[in-house]
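**Student:** For reference, each letter of the sequence shown is one residue, going 195 to 259 in my numbering. We put the beta carbon where it would ideally sit given N, CA and C, even for glycine.
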Amino acid sequence: MIVASQIRDRKILAHLFPQRHDRQATSTRHADDILIWVAFLTCRSTVKFAMQARIADAKNVNVLR
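This is the structure in structure tokens:
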């Protein structure tokens, strides 16, 4: 199942990196797109993890009060 955030991310990436139609640049372009996609997802998951940690810390502080 595709989540709405994944659809939004794909639309953003499609807008930022439109596909080229010349065959010579396709393989290099594809490799670059994969690297950009991996970096994007890594950054996104790191931010998500940090936000979850902050939320958990905030909940623990509230429980201790």
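If you run the structure through DSSP and keep just helix, strand and coil, what is Phe211?
**Tutor:** As a working note, residue 211 is residue 17 in the sequence shown. Three-state DSSP puts Phe211 in coil, outside helix and strand.
**Student:** Just confirm the distance between the C-beta atoms of Trp231 and Leu207, as a whole number of angstroms; I'd bet it's less than 8 Å.
**Tutor:** Sequence index remark: in the sequence shown, residue 231 carries index 37 (1-based). Sequence index remark: in the sequence shown, residue 207 carries index 13 (1-based). Right, the Cβ-Cβ distance comes to about 7 Å (below 8 Å), so this counts as a contact.
**Student:** So, helix, strand or coil for Val241, using DSSP?
**Tutor:** For the purposes of this step, residue 241 is taken as the residue at position 47 of the sequence shown. Reduced to three states, the DSSP call for Val241 is helix.
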